[in-house]
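Accompanying notes for the structure given below.
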Amino acid sequence: MPRLTDARKELRRAQITEAAVRCFSRNGLERTSIADITAESGLSTGSIYAHYRNKAELVQASAHAVLAKRAEALGEYAGSDTPPDPDELLARLMAGIDPVEARVGVQTWGEATNNPAIHGIVVDTIDRMRAMVHDSVTAWLVKTEHLESAEAQERATPIAHRVQSLYLAELLYTALQSPAQETAP
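Residue numbers 0 to 184, in numbering that gives the first Met the number 0, belong to the letters of the sequence shown in order.
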């Protein structure tokens, strides 16, 4: 049997993670089994376990995959010649919310209240997101308000906190919408 290349392994991991996100969204974290993810991905159980030891690793991979999408966008915002102001940053983040991912995110938060492994994933993800929002707001303050880096970083802290809080509130609101409401005008 041919060995998988690193690129092929990453594609396979992404395929599994995407299937897990769909299953978690549809069935919930607790009610989703590895068999469900196997069926959704079209891969064998052995293939799933070759890439992930357990469901907790899949939850972690799912959280990191969603965060990677936000990180890419936030990196572009912070690195641009004219980073978005906090209101525009929030609008862009909110526009990027996927209802399926939002449902998985909220379920993960709930699971974090009684599962130490998931708790660590959630805290890490939120902390990393906060740091990226902070970097983007800092870049805006430096480039458009012409503040020195140290002052910009200090002033960015409460602004980034508010931006992230509002984003998380919108994520929760989106997660609570029924699929019929998602497509309504």
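Cβ atoms here follow ideal geometry from the backbone N, Cα and C, with glycine treated the same way.
Bear in mind that the values here come from a model prediction, so they are computed numbers and not experimental data.
Item                                                                                                                                                                                 : Value
Where does Ser148 sit, in a helix, a strand or coil, going by DSSP?                                                                                                                  : helix
Would Pro85 and Ile15 qualify as a contact pair, given that the criterion is a beta-carbon distance under 8 Å?                                                                       : no
Taking the alpha-carbon of Leu165 as reference, which of Thr143, Ile117, Met131 and Leu92 has the nearest alpha-carbon?                                                              : Leu92
Flag this pair as touching only if the stretch 71-87 and the stretch 51-60 have three or more C-beta atom pairs under 8 Å; answer yes or no.                                         : no
Quick one: using the 10 Å Cβ neighbour count with 16 as the cut-off for buried, is Tyr172 buried or exposed?                                                                         : exposed
So, is Ser135 buried or exposed, given that buried needs 16 or more other C-beta atoms within 10 angstroms?                                                                          : buried
Got a sec? Which residues, its chain only, sit under 7 Å from Ala183 by beta carbon, not counting five neighbours each side?                                                         : A caution first: Ala183 carries a pLDDT of 46, below 50, which makes its placement in the model unreliable, though a value can still be read off. If we look at Ala183 and ignore the five residues flanking it on each side, it has no Cβ neighbours.
May I have the straight-line CA-CA distance separating Ala62 from Glu150, to the nearest angstrom?                                                                                   : 32 Å
Pop quiz: Ala174 and Gly104 are said to be a contact at Cβ under 8 Å. What is the actual Cβ separation, rounded to whole angstroms?                                                  : 7 Å
Assuming Ala19 contacts Ile36 under a Cβ cut-off of 8 Å, what Cβ separation, rounded to an integer in Å, is found between them?                                                      : 5 Å
With 16 other CB atoms within 10 Å as the buried threshold, where does Ala155 fall?                                                                                                  : buried
Might you give, ordered along the chain, the residues of its own chain that have their beta carbon closer than 6 Å to the beta carbon of Ile120, omitting 5 neighbours on each side? : Gln59 and Ala62
Along the alpha helix (DSSP H) that carries Arg91, what are the first and last residues, could you check?                                                                            : Pro85 to Ala94
What first and last residue would you give for the alpha helix (DSSP H) that runs through Tyr76?                                                                                     : Lys54 to Gly78
Compute the Euclidean distance between the alpha carbons of Pro115 and Leu66, then round it to the nearest angstrom.                                                                 : 20 Å
Under a three-way DSSP split, which group does Gly27 fall into?                                                                                                                      : coil
With DSSP collapsed to three states, give me the class of Tyr172.                                                                                                                    : helix
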